[in-house]
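Take 1 as the starting number for the sequence shown in the UniProt record's numbering and just add one per residue.
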Amino acid sequence: MATRPLDGTHSVRKKRSISIIHRGNVLHKSEKSTVPGKRTPLIQAALDLLDFHDTLTLATEVAPYVDILEIGTPCIKCNGITVVSELRKRFPDKVILADLKTMDAGEYEATPFYAAGADICTVLGVSAPATIAGVVAAAKAHDAEAQVDLIQVADKAARARASVKSGVAIIGIHTGLDAQAIGEAPFSDLRHMASLGLAAPISVAGGIEPATVTQAIAAGADIIVVGAALHGASSRAAVAREIRRLADGA
Numbered sequence: 001m002a003t004r005p006l007d008g009t010h011s012v013r014k015k016r017s018i019s020i021i022h023r024g025n026v027l028h029k030s031e032k033s034t035v036p037g038k039r040t041p042l043i044q045a046a047l048d049l050l051d052f053h054d055t056l057t058l059a060t061e062v063a064p065y066v067d068i069l070e071i072g073t074p075c076i077k078c079n080g081i082t083v084v085s086e087l088r089k090r091f092p093d094k095v096i097l098a099d100l101k102t103m104d105a106g107e108y109e110a111t112p113f114y115a116a117g118a119d120i121c122t123v124l125g126v127s128a129p130a131t132i133a134g135v136v137a138a139a140k141a142h143d144a145e146a147q148v149d150l151i152q153v154a155d156k157a158a159r160a161r162a163s164v165k166s167g168v169a170i171i172g173i174h175t176g177l178d179a180q181a182i183g184e185a186p187f188s189d190l191r192h193m194a195s196l197g198l199a200a201p202i203s204v205a206g207g208i209e210p211a212t213v214t215q216a217i218a219a220g221a222d223i224i225v226v227g228a229a230l231h232g233a234s235s236r237a238a239v240a241r242e243i244r245r246l247a248d249g250a
């Protein structure tokens with residue numbers, strides 16, 4: 001598994017100068033904290049818009065305040081690899097995540113997205129172990145990383161352990177929009193996942209907003225994913241800046 005140094009450089013993929021993942025040293029960014037040695041989570045902006053140009057505009061507005069630009073599943077379905085290539089070109093120093101939510105044909109599906117510049121691709125935890133292994137293989141071939149999304153996984157602990165063992169670099173706790181609509185939230189699952197002590201950072205998504213950033217951090221999040229809170233804001237940059245401030249000061 002390729003590792004990403006923590007000093008702001010990238011030793012393998014020369015197109016990147018930001019680094020995020022070091023297995024066994026989970027996302028420590030103490031250089032951004034006022035407390036020596038304090039872990040500061042990364043901020044991931046979920047670009048879930050359907051329109052290509054609207055997506056680029058949103059990315060431009062929030063990029064100064066986030067570490068990871070996620071090309072959300074709706075955006076991927078509408079725009080495909082083109083949006084990956086364009087974001088890679090426009091934001092060479094940002095980590096690009098393609099939220100493929102792959103369910104089958106893992107290596108075959110993920111390979112072109114890594115080749116286009118994605119640093120991370122997602123695979124569903126409910127998929128077959130061979131599918132997850134395929135995305136991991138594609139990631140390794142491109143010095144990149146794979147993330148497993150545990151949405152709708154019944155035994156999240158078992159699947160997370162197996163995924164890390166297979167080479168998955170990031171564990172994703174995710175409460176989807178439909179589940180949020182009936183009052184569900186990711187924090188209980190997040191706390192449980194953090195208690196396992198796995199050698200992989202934990203990403204949390206599902207209705208995170210400024211009011212819940214500190215709750216997410218306290219529950220064990222290493223990567224905080226923000227989507228709807230940005231999309232519905234009158235000033236998306238202001239929301240991203242506030243979330244960055246809260247994360248850095250937590």
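From the three backbone atoms N, C-alpha and C, an ideal C-beta is built for every residue, glycine too.
Small disclaimer: the values here were computed from a predicted structure and weren't measured.
According to DSSP, residue pairing for I224 in a beta bridge involves I43 and V204. At a Cβ-Cβ threshold of 9 Å, L100 and F113 count as neighbours.
Scanning its chain for C-beta atoms nearer than 7 Å, with the 5 sequence neighbours on each side dropped, one finds around I81 the residues P112, F113 and A116, in chain order.
The three-state secondary structure of T102, taken from DSSP, is strand. A Cβ-Cβ contact shorter than 9 Å links Q44 with V225.
Per DSSP, T82 lies in no beta strand (DSSP E); the unbroken alpha helix (DSSP H) holding it starts and ends at I81 to R90. Proximity to D178 across V164, V168, F187 and G206 peaks at G206, based on C-alpha coordinates.
The criterion of a C-beta distance shorter than 9 Å is not satisfied by A211 and R191. The Cβ atoms of I217 and G176 do not sit closer than 9 Å to each other. In summary, P41 is buried, with 16 or more beta-carbon neighbours lying within 10 Å of its beta-carbon over all protein chains present. When the Cα atoms are used, D104 and H174 turn out to be separated by approximately 19 Å.
The shortest C-alpha to C-alpha distance from T57 to any of R241, R236 and E242 is the one to R236. C-alpha of L47 to C-alpha of G183: approximately 23 Å in a straight line. Put simply, the backbone Cα of D54 is about 12 Å away from that of N79. Here DSSP, grouped into helix, strand and coil, assigns E61 to helix. DSSP, read as helix, strand or coil, puts E209 in coil. Here I71 is near A98, since their CB atoms are less than 9 Å apart. In this structure, the straight-line span from the alpha carbon of P201 to that of D222 is close to 6 Å. Considering only V164, L49, I171 and G134, the residue with the shortest C-alpha distance to T102 is G134. A check of alpha carbon separations from L196 across R159, T122 and I208 identifies R159 as the nearest.
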